[in-house]
Amino acid sequence: MEAIKSTDSEIFELIRREEIRQCDKIRLIASENYVSTAVLQATGTVLTNKYSEGYAGKRYYEGQQIIDKIECLAIDRAQKLFGAEHVNVQPYSGSPANVAVYLAFLKPGDTILGMALPHGGHLTHGAGVSISGKYFNAVSYELNRETGLIDYEAIREQAFSCRPKMIIAGHSAYPRLLDFERFRAIADECGALLLVDMAHFAGLVAGGAHPSPIPFADVVTTTTHKSLRGPRGAMILCKEQHAAAIDKAVFPGMQGGPHNHTTAAMAVAFKEADSQEFREYAHQVVENGRTLAEIMKRKGFNLITGGTDNHLLLVDLTSKGIGGKPAARALDQAGIVVNYNAIPFDPRKPGNPSGIRLGTAAVTSRGFKEKEMIRVGEWIDAVISDPENEGLHAEIAQDVASYCRAYPPPGITL
Ligand SMILES: *Cc1c(COP(=O)(O)O)cnc(C)c1O
């Protein structure tokens, strides 16, 4: 970073501090990860200088000899990795990818049926504050009150009564696997399209640690920067019959020029993901989730659905007598970074809900396994058991930082 250092010492210093933060803290935010040095390098290249509106072979500006090859490589690798018929790698991020899918298939006012935001759905699945809730007639399904699980029969009934044009499966905070076959059957029965948003668990799908939605969904969207461990971006995977509609919706419907440096970094990440090492990572992510769930339960924490099958845990702190926000704050002071999160049917307000969400992708990328997850669970318990003891939190933060130095994360050399 010599050039940044001499041009802009303020930004240099802040990046440096963020590198140290990412090394010295236990990062349990379920949507975050550490990309490899190779992915990081691809994002910082001259590819950012090129405009390439359109698609390979059909661009609006000249000079695409190299860019076309890069985008085709990214597409080929994604097709192979996920077994998809058609892939569009141009969406800037997960939210615009979802909006592009709506643009491809829906008219304003059409009905969509997605998981409610406070139950683990994403903003773009029909939340009132989002374009998806403002421009469409968004109906939400909720989780079962007793089990915290998806209630497929209830979704089926809801689908029959609201007759959605599109059903959305996918989540940001649901700790169990999704039954894509079941979603497909419901969509077929009521004549709806099925969109699966696998943003959170795409890396697990790529690594064979989670069922794939590709055979069942009309369209699949995903971010590339969460468990998939690529650059910040997104892609849309679909059946060949929808290829033209999707491509037209992304460009010129929704976006202008693609971010070519990101496309190249995606290609690198997809190559990395097509390896034994990545498959081991994906299975370890799930294993680490299970281990963390076990230790948390032993410490008396109440987990929504009683555990996890994927990379995330949703912890209900009600029995611990603390809100999600002060808990997340105290954990951060102790070097453990999580986010406060609503639980299904949360009686508390969204600004300080009853839960916290924990994810295992980032710590798995830095080499944490069973032994380390148990240690993490013990630290979390120590902090939540004494949430106002700032001295203790500072002490734990020191322990966490020195512990973490033995697990250097990908992409960062201090
Ligand atoms: C993170 C996420 C997105 C949006 O991704 P951004 O890149 O933040 O726009 C979309 N859908 C789901 C389910 C997500 O978890």
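Counting in our numbering, the sequence shown runs without a single skipped number right up to 398 at its last residue. For glycine and all other residues, C-beta sits at the position ideal for the given N, C-alpha and C.
C-beta contact flag for residue i and residue j at 8 Å
{"i": "residue 400", "j": "residue 292", "result": "This structure cannot speak to residue 400, because the chain is shown only from -15 to 398."}
{"i": "residue 15", "j": "residue 184", "result": "yes"}
{"i": "residue 325", "j": "residue 13", "result": "no"}
{"i": "residue 111", "j": "residue 117", "result": "yes"}
{"i": "residue 29", "j": "residue 248", "result": "yes"}
{"i": "residue 202", "j": "residue 178", "result": "yes"}
{"i": "residue 226", "j": "residue 26", "result": "no"}
{"i": "residue 58", "j": "residue 187", "result": "no"}
{"i": "residue 251", "j": "residue 66", "result": "no"}
{"i": "residue 400", "j": "residue 9", "result": "Summary: the structure shown does not reach residue 400, with the chain confined to residues -15 through 398, and so no result is reported for it."}
{"i": "residue 36", "j": "residue 213", "result": "no"}
{"i": "residue 159", "j": "residue 294", "result": "yes"}
{"i": "residue 297", "j": "residue 367", "result": "no"}
{"i": "residue 312", "j": "residue 340", "result": "yes"}
{"i": "residue 215", "j": "residue 23", "result": "yes"}
{"i": "residue 238", "j": "residue 393", "result": "no"}
{"i": "residue 193", "j": "residue 267", "result": "yes"}
Three-state secondary structure assigned by DSSP to residue i
{"i": "residue 325", "result": "strand"}
{"i": "residue -11", "result": "helix"}
{"i": "residue 353", "result": "coil"}
{"i": "residue 296", "result": "strand"}
{"i": "residue 198", "result": "coil"}
{"i": "residue 387", "result": "helix"}
{"i": "residue 182", "result": "coil"}
{"i": "residue 71", "result": "strand"}
{"i": "residue 361", "result": "helix"}
{"i": "residue 204", "result": "strand"}
{"i": "residue 212", "result": "coil"}
{"i": "residue 428", "result": "The chain is shown only over -15 to 398; residue 428 falls outside these bounds and no answer can be derived."}
{"i": "residue 176", "result": "coil"}
{"i": "residue 97", "result": "strand"}
{"i": "residue 157", "result": "coil"}
{"i": "residue 320", "result": "strand"}
{"i": "residue 287", "result": "strand"}
{"i": "residue 10", "result": "strand"}
{"i": "residue 311", "result": "helix"}
{"i": "residue 336", "result": "coil"}
{"i": "residue 486", "result": "The structure shown does not extend to residue 486, since the chain is modelled only from -15 through 398, so no value can be given for it."}
{"i": "residue 373", "result": "coil"}
{"i": "residue 243", "result": "coil"}
{"i": "residue 79", "result": "helix"}
{"i": "residue 19", "result": "coil"}
{"i": "residue 306", "result": "coil"}
{"i": "residue 109", "result": "helix"}
Cross-strand partners of residue i (DSSP beta bridge)
{"i": "residue 127", "result": "134"}
{"i": "residue 43", "result": "38"}
{"i": "residue 150", "result": "96 and 177"}
{"i": "residue 342", "result": "297"}
{"i": "residue 219", "result": "206"}
{"i": "residue 166", "result": "Per DSSP, none; premise fails for residue 166."}
{"i": "residue 121", "result": "95"}
Burial state of residue i (16 or more Cβ within 10 Å)
{"i": "residue 85", "result": "buried"}
{"i": "residue 364", "result": "buried"}
{"i": "residue 92", "result": "exposed"}
{"i": "residue -2", "result": "exposed"}
{"i": "residue 144", "result": "exposed"}
{"i": "residue 18", "result": "buried"}
{"i": "residue 54", "result": "buried"}
{"i": "residue 11", "result": "buried"}
{"i": "residue 398", "result": "exposed"}
{"i": "residue 236", "result": "exposed"}
{"i": "residue 197", "result": "buried"}
{"i": "residue 334", "result": "exposed"}
{"i": "residue 233", "result": "buried"}
{"i": "residue 113", "result": "exposed"}
{"i": "residue 220", "result": "buried"}
{"i": "residue -5", "result": "exposed"}
{"i": "residue 33", "result": "exposed"}
{"i": "residue 157", "result": "buried"}
{"i": "residue 205", "result": "buried"}
{"i": "residue 171", "result": "buried"}
{"i": "residue 331", "result": "exposed"}
Any non-hydrogen atom of ligand 2 within 7 Å of residue i CB
{"i": "residue -7", "result": "Looking at this structure, you won't find ligand 2 anywhere; what it does contain is ligand 1."}
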